[in-house]
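In what follows, a single structure is set out as structure tokens and then discussed.
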Amino acid sequence: MAKTKELSKDVRDKIVDLHKAGMGYKTIAKQLGPSNSNNETVLTGIGSFTIQPVRNYARAVRKKKPVMQSQLSDLSPTMLKMEYAAVPLAQTADDLVKRLLTLELANHSEKLRLKTEQLIAKVQRDEADRSSTEVKVAILTSKIRNYQEHLHKHTKDKANKRRMLMAIDRRKKLLKHLRVTRYDAFEHVCQQLGITYTFPPEYYRHATRRWLAKKALCIKVFKEVQKQKLEQRKKMKQTLAPILAEPARTTAIGTQ
């Protein structure tokens, strides 16, 4: 590629003055005349690299995410923390001290612990029940809803999404077992915790030609085996018929 000659100082000053006057580089190159044949290449190069054209492309409008209601929203800020709820002195304490013991200044984990205890109290069999299936479902429900709130804000958090899916699978397994063994308790848990139980989808397999041929062969073999077994039973009955008839004759002769 041939090297372009540098412009003289006078030409450069003239270009600057014309550009300040509002003229474009191509118009300036034409005004400089044919003697400056190299000017156009230099100026067009300047115009294409240093001064980029403004491109006002239409930008996609970001859709606002719907606000997700937190499971902790029903907890009143005046409620005492779980560890101070049974302390009688906490009720008669000073306003400043009482504020420190309430949920107003509590962190997220303390609020979540209190919410979990509330869900457990709805479904537990008695006050000492901490290991039944109903209690496990309540604990998993609190965790799942907490994960859902977190992932609504942080959609790319793959680790917590994996933990949430594992908790959902575990809860499905417990609910399935509870539905089979104690249906009344299953209904009570779903009603108290606000769970909508959905049945798993039926198994579906794409029917290939090979699978259809194999299935037809299996059905044909099964019918043939059943036919042979039926013939064997008929033969057995025919052979056993005279043997079974002899005791009946002897008993009939004896009665006569």
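The numbering of the sequence shown is UniProt numbering, which starts it at 1 and goes up by one. All C-beta atoms in this analysis are idealised placements derived from N, C-alpha and C, irrespective of residue type, glycine included.
7 Å Cβ cutoff met for Q71 and R171:
no
Return the CA-CA distance between T196 and Q232, expressed in angstroms with no decimal places.
Taking the straight line joining both Cα atoms gives about 54 Å.
Drop a sphere of 10 angstroms on the beta-carbon of E134, count the other beta-carbons inside from all chains shown, and report buried for 16 or more, exposed for fewer.
buried
Once DSSP output is grouped into helix, strand and coil, what is the label at G47?
Bear in mind that a pLDDT of 47 at G47, under 50, signals an unreliable position, so the number given afterwards is only what the model happens to contain. In the structure shown, G47 sits in a helix (DSSP, three-state: H, G or I).
Would you call the region 184-198 and the region 113-126 in contact, with 3 or more CB pairs under 8 Å?
yes
Is the beta carbon of K115 sitting closer than 7 Å to the one on L103?
no
Under a Cβ-count criterion, where at least 16 other Cβ atoms within 10 Å of its own Cβ denotes burial, should S8 be classed as buried or exposed?
exposed
If you check the beta carbons only, do A138 and L165 fall under 7 Å apart?
no
Report the three-state DSSP secondary structure of T116 (helix, strand or coil).
helix
Burial state of I219 (16 or more Cβ within 10 Å)
Under the 10 Å beta carbon count, I219 is surrounded by fewer than 16 other beta carbons and is classified as exposed.
Given P66 as reference, the closest of K136, P247, E149, W211 once Cα atoms are compared:
E149
I want to see whether chain C comes within less than 7 Å of P201, judged by CB atoms only; does it?
You won't find chain C in this structure, because it holds only one protein chain.
Can you give the beta carbon distance from A90 to L105, rounded, assuming they're within the 8 Å contact cut?
Not a contact, Cβ separation roughly 14 Å.
K161 beta carbon less than 7 Å from that of L151:
yes
Host alpha helix (DSSP H) of R145 (start-end)
133-153
Integer-rounded CB distance, given that M82 should sit under 8 Å from R113
6 Å
Under a Cβ-count criterion, where at least 16 other Cβ atoms within 10 Å of its own Cβ denotes burial, should T250 be classed as buried or exposed?
exposed
Since T102 sits in a beta bridge, which residues does DSSP pair it with?
L80
Compute the Euclidean distance between the alpha carbons of P247 and Q238, then round it to the nearest angstrom.
16 Å
By a C-beta neighbour count over all protein chains shown, 10 Å radius and 16 as the cutoff for buried, is T141 buried or exposed?
buried
Cα separation between T44 and R59?
A caution first: T44 carries a pLDDT of 48, below 50, which makes its placement in the model unreliable, though a value can still be read off. Taking the straight line from one Cα to the other gives about 30 Å.
I28, enclosing alpha helix (DSSP H) - first and last residue
25-31
Quick one: grab the DSSP three-state call for R125.
Shown here, R125 sits in coil according to DSSP, grouped into three states, outside any helix or strand.
On the three-state DSSP scale, how would you describe K64?
coil
Does the Cβ-Cβ distance between L159 and K143 come in under 7 Å?
Sequence check: residue 159 is Ala here, not Leu. It is not a contact, given that the beta carbons lie outside the stated cut-off.
Taking only three categories from DSSP, how would you classify V97?
helix
What distance in whole Å lies between the Cβ atoms of Y84 and L101, which are believed to be in contact at a cut-off of 8 Å?
5 Å
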